[in-house]
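Colleague:
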Amino acid sequence: MLRVTGSLSAVSSPAAVTFAAALRLSVAHTLALASPPPHPRCLSTFSRSLLGRRISSLGVRPRVPSMHPIRLSGFSALKARASFSSGGSSPSREILVQHVLVKEGDSELFAELQKRILDGEDMSDLAAEYSICPSKKEGGILGWVKLGQMVPEFEEAAFKAEPNHVVRCKTQFGWHLLQVLSEREPVKDIQVEELHSKMQDPVFMEEAQLIDVREPDEIATASLPGFKVFPLRQFGTWAPDITSKLNPEKDTFVLCKVGGRSMQVANWLQSQGFKSVYNVAGGIQAYSLKVDPSIPTY
382 MLRVTGSLSA
392 VSSPAAVTFA
402 AALRLSVAHT
412 LALASPPPHP
422 RCLSTFSRSL
432 LGRRISSLGV
442 RPRVPSMHPI
452 RLSGFSALKA
462 RASFSSGGSS
472 PSREILVQHV
482 LVKEGDSELF
492 AELQKRILDG
502 EDMSDLAAEY
512 SICPSKKEGG
522 ILGWVKLGQM
532 VPEFEEAAFK
542 AEPNHVVRCK
552 TQFGWHLLQV
562 LSEREPVKDI
572 QVEELHSKMQ
582 DPVFMEEAQL
592 IDVREPDEIA
602 TASLPGFKVF
612 PLRQFGTWAP
622 DITSKLNPEK
632 DTFVLCKVGG
642 RSMQVANWLQ
652 SQGFKSVYNV
662 AGGIQAYSLK
672 VDPSIPTY
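According to our numbering, the residues represented by the sequence shown are 382 to 679, in order.
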């Protein structure tokens with residue numbers, strides 16, 4: 382199980398700028414609750430250009446055939462939790478990407494790094510030493526990305542790469558050696574009407590895991606039956622042994638006031654190996670407005 386440490390900071394609306402996520406992801410330090418954007422600390426103006434928008438003036442080049450698999454030290458826990466598909470490009474598919482970037486004219490260094498990776502050296506160490514991308518501080522990890530977030534050449538290579546195989550591609554920034562460490566489908570939303578319907582079934586209430594990540598004072602004002610309380614502000618107290626409190630194999634439904642905090646926690650639960658996680662869209666506020674007006678709004 383991944384070790385959870387660190388603290389949480391405020392996050393703006395999920396609809397805010399893609400790279401505004403403030404809850405951190407790394408294997409050894411802190412874990413992100415916000416999954417769609419790449420890791421914020423990887424992103425300078427340079428990295429935003431690479432991952433933050435498509436560059437229409439660049440054509441898509443064919444992917445260079447894969448080299449053989451390399452070893453992953455430091456990210457084996459993430460890899461072990463992955464459930465890989467066969468390299469499809471579903472619009473909702475997200476991939477965790479690592480890369481090393483060198484200047485276009487640095488062909489000797491590029492060839493050397495390629496050989497060293499093939500010989501078994503860790504890409505994280507090589508990225509930290511040689512990559513010219515700011516993601517070098519994170520061992521070359523660009524974070525979870527999806528179609529439409531990367532420049533075309535990089536996207537073409539990354540989304541067709543076999544997991545844990547190193548591939549090459551060239552963009553306007555230089556030459557990349559990249560690999561996909563893991564892949565996932567985004568957390569699913571469940572509408573409050575559907576949740577209400579499910580909650581009428583005693584079997585559902587017995588089998589499903591219902592968690593409310595709001596604070597105790599909020600729950601004292603308005604709550605739903607059957608939900609266990611995991612306050613987000615107390616993340617550090619319950620997160621380290623979450624798999625002893627909840628079963629990763631069971632359906633898990635996450636609730637907050639309007640759906641933002643619950644989505645963060647739902648994404649984090651998924652990163653911990655929970656197989657079926659649902660975010661309650663609109664939160665308890667939507668439940669009050671659309672299902673049960675007797676529940677107070679605040």
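The beta-carbon is built from N, C-alpha and C at its ideal position, and this holds for glycine as well.
Which same chain residues end up closer than 7 angstroms to Lys517 when comparing Cβ atoms and leaving out the 5 residues on each side of it in sequence?
Modeller: Ala508 and Ala509
Colleague: Would you be able to state if there are at least three C-beta pairs under 8 angstroms between the segment 566-576 and the segment 651-669?
Modeller: yes
Colleague: Tell me which same chain residues have a C-beta within less than 6 angstroms of the C-beta of Leu477, skipping the five on either side of it?
Modeller: Trp525, Leu562 and Ser563
Colleague: Would you tell me roughly how many angstroms separate the C-alpha atoms of Asp673 and Leu576, rounded to the nearest one?
Modeller: 12 angstroms
Colleague: Using 8 angstroms for Cβ pairs, my map puts Ile498 next to Leu558. What's the rounded Cβ distance?
Modeller: 6 angstroms
Colleague: Quick one: measure Cβ to Cβ for Ser604 and Asp622, integer angstroms, because I've assumed they're closer than 8 angstroms.
Modeller: Their Cβ separation, rounded to whole angstroms, is 24 angstroms, which puts Ser604 and Asp622 out of contact at 8 angstroms.
Colleague: Can you tell me whether Thr602 is helix, strand or coil according to DSSP?
Modeller: The three-state secondary structure of Thr602, taken from DSSP, is helix.
Colleague: Determine which residues share a DSSP beta bridge with His577 and list them.
Modeller: Note: His577 sits in no beta bridge, so no partner.
Colleague: Could you give the distance in angstroms between the alpha-carbon of Phe535 and the alpha-carbon of Gln590?
Modeller: 39 angstroms
Colleague: If we call anything under 8 angstroms between Cβ atoms a contact, is Thr633 one with Leu650?
Modeller: yes
Colleague: Enumerate, from N- to C-terminal direction, the unbroken beta strand (DSSP E) stretches of 3 or more residues contained entirely within the segment 529-595.
Modeller: 548-552, 555-565, 569-571 and 590-593
Colleague: Is DSSP giving Ser516 helix, strand or coil here?
Modeller: Looking at Ser516 - three-state DSSP - the assignment turns out to be helix.
Colleague: For Gln680 and Gln615, I'd like the C-alpha separation in whole angstroms.
Modeller: A query on residue 680 cannot be resolved here, the shown segment of the chain reaching from 382 to 679 and no further.
Colleague: On the CB-based measure, 16 or more other CB atoms within 10 Å of its CB, does Ala542 come out buried or exposed?
Modeller: buried
Colleague: Would Glu574 and Lys638 qualify as a contact pair, given that the criterion is a beta-carbon distance under 8 angstroms?
Modeller: no
Colleague: Mark Leu670 as exposed unless 16 or more other C-beta atoms lie within 10 angstroms of its C-beta, in which case mark it buried.
Modeller: The residue is exposed, with fewer than 16 neighbouring Cβ atoms inside 10 Å.
Colleague: According to DSSP, simplified to helix, strand and coil, what is Asp500?
Modeller: coil
Colleague: Closest by CA to Glu489, which one among Trp556, Phe608, Arg565 and Ile522?
Modeller: Trp556
Colleague: Identify whether Gln479 lies in helix, strand or coil by the three-state DSSP scheme.
Modeller: strand
Colleague: When the Cα of Leu627 is compared with those of Glu588, Arg565, Lys484 and Asp503, which residue comes out closest?
Modeller: Of the residues Glu588, Arg565, Lys484 and Asp503, the one whose Cα lies closest to the Cα of Leu627 is Glu588.
Colleague: If you drop the 5 nearest sequence neighbours on each side, which residues of the same chain put their C-beta closer than 6 angstroms to that of Tyr659?
Modeller: When the five nearest sequence neighbours on each side are left out, the beta carbons in the same chain lying within less than 6 angstroms of the beta carbon of Tyr659 are those of Lys569, Ile571 and Phe634, in order along the chain.
Colleague: Less than 8 angstroms between the CB atoms is what I'm expecting for Leu482 and Ile513, so what's the real figure, rounded?
Modeller: 5 angstroms between Cβ atoms; contact.
Colleague: Would Lys609 be called buried (16 or more neighbouring beta carbons within 10 Å of its own) or exposed?
Modeller: exposed
Colleague: Quick check on Ile623: does DSSP put it in helix, strand or coil?
Modeller: In this structure, Ile623 counts as helix in the three-state DSSP scheme.
Colleague: Label Ser625 either buried or exposed according to how many other C-beta atoms from any shown protein chain fall within 10 Å of its C-beta, with 16 as the threshold for buried.
Modeller: exposed
Colleague: To which residues of the same chain is Phe611 closer than 6 angstroms at the C-beta, ignoring the five residues directly before and after it?
Modeller: Ile592, Val594 and Trp619
Colleague: Kindly indicate which residue of Ser652, Tyr668 and Cys550 has the alpha-carbon position closest to the one of Glu537.
Modeller: Cys550
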